[in-house]
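Chains as they are written, first to last, in this note's numbering: chain U, 2 to 463; chain C, 16 to 261; chain L, 81 to 273. Scroll down for the structure; my scribbles are underneath it.
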Amino acid sequence: MTNHAYKAARFLKNEERATWHDKTLWMVRKKRDLMALDVPDWEELREQASQIKRHSLSKLDDYLVQFEEQAINNGAQVHWASTAGKLNEIVYQIIKENNASRIVKSKSMLTEECGLNPFLEKRGIEIIDTDLGERIIQLKREPPSHIVMPAIHIKKEEISELFHRELNSEEGNTDPTYLAATARLHLRQKFLEAEVAITGVNFAVAENGAVVVCTNEGNADMGVHAAPIQIHCMGIEKVIPRLSDLAVFTRLLARSATGQPITTYTSHYLNPKPGGQMHIIIVDNGRSELIGKEDYRDSLKCIRCGACMNTCPVYRRSGGHSYHYVIPGPIGSILAPHSNSKEFENLPFASSLCGSCSDVCPVKINIHGQLYRWRQDLSQQGARSPIKKGIMKVSGKILASDKMYDWSGKVARWCIKYLPRVLIYNRLNTWGRERELPEVPRESFKEWYNKNFREGNKNGQK
Amino acid sequence: MQIGLFIPCYIDQFYPKVGIATLELLEKLGLEVFYPSEQTCCGQPLANSGAEDKAIKTYNNFVRIFSKFDYIVSPSGSCVYHVRENYNVLPQTDEVRRVRQNTFELCEFIVDILKTDDLKIDFPHKVGVHQSCHGLRGLKLATPSELIVEHYSKVHRLLKKAKGIEIINLDREDECCGFGGTFSIFQPDISVKMGKDRLDDHRRNGAEVITATDMSCLMHLEGIARRQNREVRFLHIAEILNSNRL
Amino acid sequence: MDRNKILLNIQRSRIKPVNLPEPFYSAEKEGDKTTLFKEILLQTGGDCIEVNSTEKLNSLLDNNFRGATDLRRNELFKNFLSYSNKDSLERLKTVILEGQFGVAENGSIWIDDSNFPNRLIPFINEELVLCLDAKQIVRNMHEAYLRTDNAISGFGVFISGPSKTSDIEQHLVYGAHGAKKLIVVISHETNLV
């Protein structure tokens, strides 16, 4: 059984909880529908976003240089990191040079991808995630299970217990308002003490060097404005040409992500505060190579809204951790194999290919098309197991020959009909564990047709 | 107009009644229907499992067998979608292009090509329509719930004309049933959970009959329902449309 | 070094040029912008008060938000520039700021460095009051960015409702880190003297 399938099965062991997970995320999907419905020309807006992103990718080097120039003019310091390790090193250097030790960070899937937290922790530097969901999983020492709702897999009872243990909150108080207030007090202190604030980046505007960060909690701003040093980490694909393009993306992002018309805070950082430092780190980590792969390039359009997760019937019922990659769900399944095709070869198969992900995607990434394409490419690369390889080879032969096909069908039907039930419904028959096989008809359609029509005029031999 | 009837492999082997209903219906509609008996399969089971390379021979056979017809009609949205969409990996000869263009799912063939929707059916039952994903999003047989465009559904259009029918509303009008081809075998737990959730939705809303354009979805749902002794009938859309007075 | 490596790598896989589409304008919902703005503002958890004149605005602020830090006043603004350590900011309860313009489609208001003497101020208080001239409401984000006239500098932010989180079981809680309450006072005739 593939890795995802195994982990999904484990998630489903607690069916009540899986059902809760499914329903909760479905609710978010419905909220997204209502919001999208409220925007005139929603589908055209998606198309516009897609074209802007495709254009940006086609001239990415120019826009990055333009962005860098503007940012430097504004007073920011720009760094480039070709790999995850380089990003971590640069951040570490900035911290060291300023003799800093207290770091806060708002949500950044990029630093998650690069493993920044463990890197700094190993060097004795404490880094506090300030998004409530991220703080919860940080205290719980777990990876996020969703890119927008990182702690969606955790129940309030567990959070209550965790906060009681770690933050001294009242035992047994599971009221979300109380728990959030506890976190507010705890993190307020961290903000005030922080010397360095790290953020991710939603958009970087080439024409004016602005870094745009969207949050609901205000944690990016609390960190950035409280700490003397601000560091923004962005993937190379985050740059868009014009300020006016931001309108398109800010209209789409929150509506797609959480079903809000816009995030509470849409912050534009252009220069450091008086006496402060502003660093921007531009990270590649495999992205520039991905640009060269035509079948997969479009995955770089992603704006990390998470809509594909909320709509995905598989994700909702298997939880983010079943994907065992930093970005779960449909988009994660097409990104993961780029970083390690062996480890993540099972992910493109963790889908029924229903295609809903591609329809909700605000930048129109053909996600299910890429999942299908990955299946072919990974199999070509030999990632298929020898057993599956054998099955496919034999099946290919059978389906390519009508004689073998007819004969195999007959045998299969005979087996289902006449073999004892224990033989058919064995351990290897994953279909039959919770499903009956179809009742076997007396004859196949072809047999019926040949009997009834062969002598007639319509024997198919046109 | 000469129609080539394509009966997908699992319908051929397990649901001949669906093939028969399709054939009878097309003939009642006055069409000249041919069933080339050297046909096997569209190749989708292989390609969806990542073995497109092993499926090419099957693709070529399909094209060779069916390219001579004006239209190729099949009671499966999924297989039709596969031919239309994924035969793009073949060299695009005239034959391949013709086959890709002229292969139709039964309902869309009736609505779009024959341009009719009243099949004079009596069907006094409460019916739950399962929108199979490939038909829905691939062939655009209806508007998926997540797209913000004017809503239509070719299947509903045909069914609504049936006398006495009550089409139930579902809580989730078009969520995937979890069949997904070999997904149902390699990811059995998720697949079954998705199926159970679909069945619950239909039950909550009072379906007596569940129908779909794809027997594969129904085979999966029926398999779960039978194991759990649920009381609901499964009929392929062709079986309902063929229960007519034409 | 990394810079050139990355840029070269991008250039190496240079892809077919794709045109940058013209800026987007869409048909918009009918209706009064202020009404729409208010409606969405309430949905995002904000409160709204409307007044008819500048005088009324000032007396309302005096009555309803006594003791608030009103940073629309020049003297106070200047004072803050010299003294603003984090701990003193932390004691801010209610802050009143001038909002530059509002966006009807999402109930947000744009403010930037010119509206507050310290960037923490809009976030670190308990209750944020934004004053908005009804004439300064644009329809959507396209108009909003046009309205900034490409003159954004330093720091600027769209604020839509109070700070919030749904990270615990998708249960909505106001006041995650920033202001717990947001009140927008819309004045309809600001006849500035």
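Backbone N, C-alpha and C define an ideal beta-carbon position, used for all residues, glycine too.
If we call anything under 8 Å between Cβ atoms a contact, is residue i one with residue j?
i	j	result
D186 of chain C	A9 of chain U	no
S51 of chain U	K302 of chain U	yes
S380 of chain U	G65 of chain C	yes
G193 of chain C	V207 of chain C	yes
C355 of chain U	P314 of chain U	yes
I266 of chain L	T114 of chain L	yes
G210 of chain C	S147 of chain C	no
N63 of chain C	T228 of chain C	no
V327 of chain U	K191 of chain U	no
L162 of chain C	E45 of chain U	no
K294 of chain U	H226 of chain U	no
I128 of chain C	F119 of chain C	yes
T312 of chain U	V361 of chain U	yes
L20 of chain C	I136 of chain C	no
C215 of chain U	A248 of chain U	no
L111 of chain U	G201 of chain U	yes
A205 of chain U	V149 of chain U	no
L41 of chain C	V104 of chain C	no
S188 of chain L	I263 of chain U	yes
Whole angstroms is fine: what's the gap from residue i's alpha carbon to residue j's?
i	j	result
E254 of chain C	N453 of chain U	19 Å
N460 of chain U	Y450 of chain U	Any answer about N460 of chain U is weak, because its pLDDT of 47 lies below 50 and its placement is not dependable; what the coordinates show is given next. C-alpha separation (whole angstroms): 8 Å.
G86 of chain U	E114 of chain U	11 Å
G221 of chain C	K141 of chain C	7 Å
A259 of chain L	S233 of chain L	24 Å
K261 of chain L	G236 of chain L	20 Å
S106 of chain L	A231 of chain L	24 Å
H325 of chain U	K31 of chain U	27 Å
T37 of chain C	C56 of chain C	17 Å
Y266 of chain U	S161 of chain U	27 Å
G457 of chain U	E448 of chain U	Its pLDDT being 49, under 50, G457 of chain U is placed unreliably by the model, and the measurement read from it follows with that caveat. Roughly 15 Å between the two C-alpha positions.
L424 of chain U	E435 of chain U	15 Å
S323 of chain U	G333 of chain U	11 Å
G260 of chain U	K173 of chain L	30 Å
Q462 of chain U	I392 of chain U	Below a pLDDT of 50, predicted positions are generally treated as unreliable, and Q462 of chain U, at 47, falls in that range; the measurement from the model is reported next regardless. Going from the Cα of Q462 of chain U to the Cα of I392 of chain U covers about 32 Å.
A148 of chain L	I176 of chain L	7 Å
F29 of chain C	G238 of chain C	13 Å
Y86 of chain C	N76 of chain C	17 Å
E102 of chain L	R112 of chain C	35 Å
V273 of chain L	E194 of chain U	Legend: pLDDT at V273 of chain L = 43, less than 50; position of this residue unreliable, value from coordinates given subsequently. Going by the C-alpha atoms only, they are around 44 Å apart.
D222 of chain U	F350 of chain U	40 Å
Quick one: give me the first and last residue of the alpha helix (DSSP H) that residue i is part of.
i	result
E269 of chain L	That residue, E269 of chain L, is in no alpha helix (DSSP H); it is neither H nor E in DSSP.
V33 of chain C	31-43
S396 of chain U	387-400
M81 of chain L	Careful: M81 of chain L lies outside any alpha helix (DSSP H) and carries neither H nor E.
G370 of chain U	368-381
Y266 of chain U	Y266 of chain U -> not in any alpha helix (DSSP H); beta strand (DSSP E) instead, spanning 266-270.
R248 of chain C	R248 of chain C -> not in any alpha helix (DSSP H); beta strand (DSSP E) instead, spanning 248-251.
C234 of chain U	Run containing C234 of chain U: none in the alpha helix (DSSP H); it sits in the beta strand (DSSP E), 230-236.
Q250 of chain L	No alpha helix (DSSP H) contains Q250 of chain L, which DSSP labels as neither H nor E.
How would you write the range of the beta strand (DSSP E) that residue i sits in, first residue to last?
i	result
H280 of chain U	278-284
V224 of chain C	224-227
E47 of chain C	47-49
T200 of chain U	197-200
At a cut-off of 7 Å, is residue i close to the ligand HEM when judged by its beta-carbon and the heavy atoms of the ligand?
i	result
P103 of chain L	With respect to the ligand HEM, the structure shown offers nothing to examine, as it has no ligands at all.
**OP:** Quick one: which unbroken beta strand (DSSP E) runs of 3-plus residues sit fully inside the region 73-140 of chain C? Chain order, please.
**Re:** 86-89, 118-120
Original post:
Should the region 112-126 of chain C be regarded as contacting the region 148-158 of chain C, the criterion being three or more beta carbon pairs within less than 8 Å?
Top reply: yes
Original post:
Which residue spans inside the region 92-180 of chain U form an unbroken alpha helix (DSSP H) run of at least 4?
Top reply: 110-115, 117-123, 133-141, 157-168
**OP:** Report yes or no: do three or more beta-carbon pairs, one from the region 215-232 of chain L and one from the region 248-257 of chain L, lie closer than 8 Å?
**Re:** no
Original post:
If you scan the region 129-212 of chain L from start to end, which runs of the alpha helix (DSSP H) of 4 or more residues do you find wholly inside it?
Top reply: 134-144, 154-162, 166-170, 201-204
Subject >> Whole alpha helix (DSSP H) elements within the region 294-358 of chain U, 4-residue minimum >> reply: 308-312, 314-319, 330-340
**OP:** Run through the region 16-41 of chain U for me and flag every whole beta strand (DSSP E) of 3 or more residues, listed as ranges in chain order.
**Re:** none
Original post:
If you pair each beta-carbon of the region 66-85 of chain U with each one of the region 279-288 of chain U, do three or more pairs fall below 8 Å?
Top reply: yes
**OP:** Jot down the residue ranges of each uninterrupted alpha helix (DSSP H) in the region 151-232 of chain C, minimum 4 residues, whole runs only, in chain order.
**Re:** 169-175, 198-201, 203-219
Subject >> Three or more C-beta pairs below 8 Å linking the region 130-148 of chain L and the region 199-213 of chain L >> reply: yes
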